[in-house]
Structures are given as C-alpha cells and as structure tokens.
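The structure appears right after this line, and notes come after that.
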Amino acid sequence: MKKILALLLFVGATALYAQQKTHTVQPKETIYGISKQYGISQEELYKANPKIEKNGIHPGDLIILPTKGSEIKSQETKKIIISDEGPTHLTEFDDPNFNYITIQPKETVYNLTKKYNVSEATLTSLNPQIKERGLEIGDVLKLPKTIINKDNFTVPKGSHLVKKGETLYTLSKDHKVSVDDIYAENPTLQTSGLKEGMVISIPKKSGAVVIEENTINYVVQNGDTAYSILERYNTNLDDLLRLNPEVINGLKAGMTLKLPLQKNAKIIKYSKAGKLKRADDNEINIAIMLPFDVANNPQLKNSQATQFFMGAKLALTRLAKKGKNVNVKVIDTKNGSIQDILSTTDFSKTDAVIGPLNTSDVTEVAHFFDNSGIAVISPYANDDSLNSFNDLLISNPKDEVIADQIIEEIAKNFAGEQVYLLTNRDDQELASYTKKQLEKQLKANVVIVDNASKIVQPHDKVDGVDYYTPIITVMVGDDDNLGKQYLEKLKTFNKDNIKAYGIKSVSVYDVYSPENAKNIDAFREFGFVYSTARLINTRDTEVQSVLKDFKEVYCEFPTRYEQLGYDVTYDIVDRMNNKGDVTNNITTENTRVSSKFAYKKVSGSKAYTNDASRVVRLPKK
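When you line the sequence shown up against my numbering, it's residues 3 to 623, in that order.
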C-alpha cells in the first residue's frame, strides 16, 4: 500500500481502486485502450458487455469489468460539443487545433478520407492506433481543425506537415533538433517510418533523448507528468517502474527515464562516413544504388531502376573494351532503409556512388559521404536542396539551364516583339522564370498563356494588303498535347512575322523520329529552335554504334531511363583516371548518346551541377 501511495504523488490523474467492477467511458477511449488499461482481453470485455460488440462504446457508457483488483486510469472529464450531422458525430474538445470524430458502424478509413477531405497519411499519423488495430466502433479520432485540401491545412503550433522529399535529416536541420529527438517525440515513426502527408510533432528542445538498442533514454522536462509520458510513448506503469524503480520516490525534471521501444520498432541511427576516404589505389571502384523493388515489380522491364541499370551495364561493357577496368558494387535500396544500408555496407574501397534516383534518398547518401572525398552522382534528382553537399555531382540539368539557352537565342534576335509563353500548370514555375529573365534582360512585353488560342498575331489590311505585327512564341514544358496544339496554331500565323522557340522537348518536334517528318517540315517554316536535356542524334557514328549494341543486347531502341543509365555511367567512369578520381577533369564538356555534361559549381552551391543542354535548330529551307 505504501508503494501505491507513493505513485499517487506523481501520476496525477491515475488512481488505483482495489475492487472496481465498472468503468465510465471517457472521450477518446476505445475497447482496445480499456482492455490494455485493465490488463484484460477484448474478448472478456465483450462477454461481460454483449451490447458493446454490436453497438460499440460512447462517452458516458457504463461498462462492466470482468476482473477484480484492476488498475483504473481516470481522466479529467472535458467539455464536449456534439453535432449530429450524418452517421459520424463531430466533437470539439478543449484543444482548439483539432476536431474529433466518433466512429460509427460501417465506417472505413477510405470513406473518412473522402468525407473529411484528409489524406490517409495525415489520418494515420494523427491516430496511430489505426495502423495497429484498424477502426473500431466508438473510436474517437483526431482530425485537422482547418482543412483547405487534402495536403494543405492549418498545422497546430509545434507540429509539421511532412512534404514530398523531406527526410528526418532535413527536418532535424530545419528545426535544429536531433533525429533521435524527432523519433522520440513521434514514437510511431519507429515502426512506420516518415511519409509524405504525416503530421508530426517537433520537439521544443534538442538533446532530451538518446535512443539505444531496446530503449529510449528520455530526460524529463519541466511540465512533464507520468501520465503524459506514458501516453506519448505508448507504455504502462508496470514497464515504467520495471525499467526505472527510482520513480517510486517521485518524478523530477532532469531525471533520465528508460522507456521501451514500441513493438517491432527498428531505430536506424543516422550514420556518417566521417573519416572514410576514397581508396588510394590503382583501381576504379563504383557503387550503384538503385530502388529495384523486385518484390513489388514482377515486370522488371517496366522498372525505372532496372532500365537505368541496363543502360549502365552496356556503358560498363563498352568502357571495358576501351581498357577501363571497373569494380562495381550494386545495392538495392529497396531491401531496407537507406541509413541501414549505409551503416552496414563497406565503402572503404569506393571511388564514386551512382544513385539513388529520388531527392530524399540522394539527400541521405550525400549527407553520409559529405566531405569524404567519395563522389556521389545524382543521375535524376536536381532539387535545390541538394546544393549544400560537397562531393555531389548533379547530372540532370535544371530547367533554368535549359531555359537560359532559349533566352539567349531570343536575345540575339529580339526586335521589340510581343512575347507569348505557352505552358501548362506543371511548368508554371519555369514559365515564370523565363518571363522574369526576358523582361529583365530585354525589357520585353511577355504574356504567359495556357492555351494556344490565346496567342494573337495582330494585323491590319490597307488597300487590300495584310500587315502583320511580329510576335515571338515559346512553347514551355514537355506537354505533348499542348505541343500538338502549338503546332496547329503556328500554321495559322504569317510565317514571315513570327519567331518560334521551345523550352524542353515534346513529341511533335522530335527531330530524329522517322514518323515526325511532316511536323518537322512544318516547324522549319518558322526557323524553329528548341532546347532540351536529352536528344539522340541518330546520324552520329558513335551514337549509331551504341544504338547497335542496345539492339543486339536488348533487341530494342533504348528507353529514356536506359539512355540516362548509359550516359551518366559512361560519362562518370570515362572522366576517372586509373586511381578512380573523377574530379581531375570534371569541368570538361562531353556529349554522350542523348545527354551533354559540363559540371561546375554555381554561386552559393557546394555541389557540382550539370550546366549543359542540347540545342536543336530547324532552319528554314
């Protein structure tokens, strides 16, 4: 009894009753939670209360407990307002940042996301019990208070809505806290991992947590209560006392508590290459990191990673014939977390890492090898967030690089014409950049339109003669349908008073497509010029040789990702000397099968970026 009285000193809302046989259901309580609270099974609760299996439980219900001497957790009752609108009742608690819904029969996660216009990721991150046991009638779920759309709502203070490309590393840097602290503040991350659309809590202070193999070492903060700690880390008094017997004497700020990790938790420590340096030997050693996802992709030929690797293999085969001997380590990033792979793989004899493909994975890899002397090549991702890493080469030129080529072309031939930029919603940012540069450099009058019908060529008729106002048109982006629309609109204009350009490529002006001859002839009427990241010159003898090898090995013309795999791998290894150093001639401009490469460091960037693109000219006949 003395032990129980001591517990009362710090537990606060927890009370122990020796012979309690009933329980009043509180807001947000569930069958599962009550069963755990009293140490009894859900089946025993259903047997003692047959009606709740069919009808569920609701705040205020009195249920029978089948055991004696059970531990009871009573909570301060909060004021609730219930509005009956349809089968689900909206309930507002004291927390003004959230709404709460009580689950009714036949409701599912899917229909809740549709009904309340909230993503599944957000719903499960705010209500982690959904993933553990699904929905139960009577469950009270938390929802964002203000929802604009599925991925945009008012996030409560101290929380963060996870966006595409964000990682635990980038979040830790942005909020100036450790990764361990984020893990500890959001225990569900231990099993589910970080996903786009989640709402996570951001710790107020860094250094309060150290994560070990089986426990979280948590430093008690001012304002913490035992109840709040037990709730946050999904544990119970028995485990708390077992791991921390000293708390029987009270809970104090500054005390370090051991708390159990959630079931099936796997904490990956963020490791770093540190003193790991590129091997000083006479060999070329590369690692290729790609998300092959073999288990979920039986049709491997459709996998972007597989296509990339097929191109890379052909590049290595051709390089070997030239005398380049390369040791290759292939790593499937879908076999586990990036951090797990980096922590357990021997990179002591590695000169360069090619891959992965997406921004978040490249961020993890670049962070690991930062300042190691081992080059990391990002073949596809080119987000500005990658500019902060040393030893990183960004192979895919940014859209601005492609746009600059056409801006320069327009500048050479500009004579005060009205400029139209035709684009779609996806390329609005690129169009805005182009407009800003043209207005700044040329003082041009630039209009962005989303439909070719909005491009107007004014003309007057004097004495039976048509006089046309010269205009400049630019197709911005890679929307094939908009490209077709653009061509048909061009055909209606006076070709002597129009200049036509393209930023990025679309199918209708693929100059090397045999089926495109008529379209190309039509574009020639306007002296069309466009820039693109990738273009295959099928008339080049070296390109013809590579295409022949592709056909012999794979029986087909290389896909976009096969081209990328070939070009990036061939270019990087070809730049390496016999010691595997890629930086010895990194700025040299090289043209491969479809891509051009010329790396440089732009202002404010630690990474090397590809500053080259292809320009295609279709002069008038």
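Even glycine gets a Cβ: it sits at the ideal position worked out from N, Cα and C. Quantities reported herein were computed from a predicted structural model and do not represent experimental measurements.
Based on DSSP bridge pairs, tell me the residues matched to residue i.
{"i": "K491", "result": "Per DSSP, none; premise fails for K491."}
{"i": "L292", "result": "D334"}
{"i": "R619", "result": "V531"}
{"i": "T217", "result": "P262"}
{"i": "N57", "result": "Its beta-bridge partners do not exist; DSSP assigns none."}
{"i": "Y422", "result": "V449 and T475"}
{"i": "I65", "result": "H25"}
{"i": "V355", "result": "A289 and V378"}
{"i": "V201", "result": "L163"}
{"i": "I574", "result": "I574 pairs with nothing; no bridge assigned."}
{"i": "I404", "result": "I404 pairs with nothing; no bridge assigned."}
{"i": "I396", "result": "S380 and T611"}
Buried or exposed: which applies to residue i, given that a residue is buried once 16 or more other Cβ atoms fall within 10 Å of its Cβ?
{"i": "I66", "result": "exposed"}
{"i": "T425", "result": "buried"}
{"i": "K622", "result": "exposed"}
{"i": "L394", "result": "buried"}
{"i": "Y112", "result": "exposed"}
{"i": "E419", "result": "buried"}
{"i": "V575", "result": "buried"}
{"i": "N188", "result": "buried"}
{"i": "A519", "result": "exposed"}
{"i": "N612", "result": "buried"}
{"i": "P52", "result": "exposed"}
{"i": "D429", "result": "buried"}
{"i": "D283", "result": "exposed"}
{"i": "L64", "result": "exposed"}
{"i": "D462", "result": "exposed"}
{"i": "D406", "result": "buried"}
{"i": "E31", "result": "buried"}
{"i": "K70", "result": "Because K70 carries a pLDDT of 41, less than 50, the predicted location of this residue cannot be relied on, and the following value inherits that uncertainty. Label assigned to K70: exposed."}
{"i": "E366", "result": "buried"}
{"i": "G325", "result": "exposed"}
{"i": "F391", "result": "buried"}
{"i": "P247", "result": "exposed"}
{"i": "S605", "result": "exposed"}
{"i": "F559", "result": "exposed"}
Give me, in chain order, the residues of the same chain whose beta-carbon lies closer than 6 angstroms to that of residue i; leave out the 5 immediate sequence neighbours on both sides.
{"i": "A307", "result": "L292, P293 and F294"}
{"i": "V449", "result": "Y422"}
{"i": "V332", "result": "I290"}
{"i": "K197", "result": "A123"}
{"i": "V476", "result": "L423 and Y503"}
{"i": "E109", "result": "none"}
{"i": "T471", "result": "P460"}
{"i": "V618", "result": "V513 and Y532"}
{"i": "I474", "result": "E419, V421 and K501"}
{"i": "I408", "result": "Y503, I505 and S533"}
{"i": "L245", "result": "K260"}
Would you check whether the ligand GDP has a heavy atom nearer than 7 angstroms to the C-beta of residue i?
{"i": "T352", "result": "Looking for the ligand GDP in the displayed structure turns up nothing, as the structure carries no ligands at all."}
Return the Cβ separation of residue i and residue j in integer angstroms, given the expectation that the two are a contact with Cβ distance under 8 angstroms.
{"i": "K506", "j": "T534", "result": "6 angstroms"}
{"i": "L170", "j": "Y568", "result": "With a Cβ gap of about 34 angstroms, L170 and Y568 do not count as contacting."}
{"i": "K254", "j": "V222", "result": "7 angstroms"}
{"i": "V179", "j": "I202", "result": "Going by Cβ atoms, the distance from V179 to I202 rounds to 12 angstroms, so no, they are not a contact pair."}
{"i": "G167", "j": "T361", "result": "4 angstroms"}
{"i": "G140", "j": "I59", "result": "4 angstroms"}
{"i": "Q28", "j": "P61", "result": "6 angstroms"}
{"i": "F370", "j": "L344", "result": "5 angstroms"}
{"i": "P399", "j": "A614", "result": "6 angstroms"}
{"i": "V355", "j": "L388", "result": "The Cβ separation is near 14 angstroms, so there is no contact."}
Identify, in the order they occur along the chain, each residue of the same chain with its Cβ nearer than 7 angstroms to the Cβ of residue i, setting aside the five sequence neighbours on each side.
{"i": "A446", "result": "F416, V421 and L440"}
{"i": "V181", "result": "L170, Y171, S174 and Y272"}
{"i": "E46", "result": "P68"}
Take residue i and list the residues in its own chain whose beta-carbon comes closer than 8 angstroms to its own, dropping the five residues that flank it on each side.
{"i": "A322", "result": "V328"}
{"i": "V249", "result": "F12, A228, L242, L243, M257 and L259"}
{"i": "D498", "result": "Y470"}
{"i": "R526", "result": "L620, P621, K622 and K623"}
{"i": "I404", "result": "I505, K506, S533, T534, A535 and S615"}
- Message: Just to confirm the assignment: which complete alpha helix (DSSP H) runs, minimum length 4, are found wholly within the segment 428-482?
- Response: 430-444
- alpha helix (DSSP H) runs contained entirely in the segment 109-180, provided each spans 4 or more residues: 111-117, 122-128, 131-135 and 170-177
- What beta strand (DSSP E) runs, 3 residues minimum, are completely inside the segment 298-334? 328-334
- Within the segment 490-548, note down every full beta strand (DSSP E) run reaching 3 residues or more, in order along the chain. If we require 3 residues or more, the beta strand (DSSP E) runs fully inside the segment 490-548 come out as 500-505 and 531-534.
- Query: Where are the beta strand (DSSP E) runs, 3 residues long or more, that stay fully inside the segment 227-264, in chain order?
  - Reply: 258-262
- For the segment 579-616, which segments carrying the beta strand (DSSP E) assignment without a break, of at least 3 residues, lie completely within its bounds, in sequence order? 610-612
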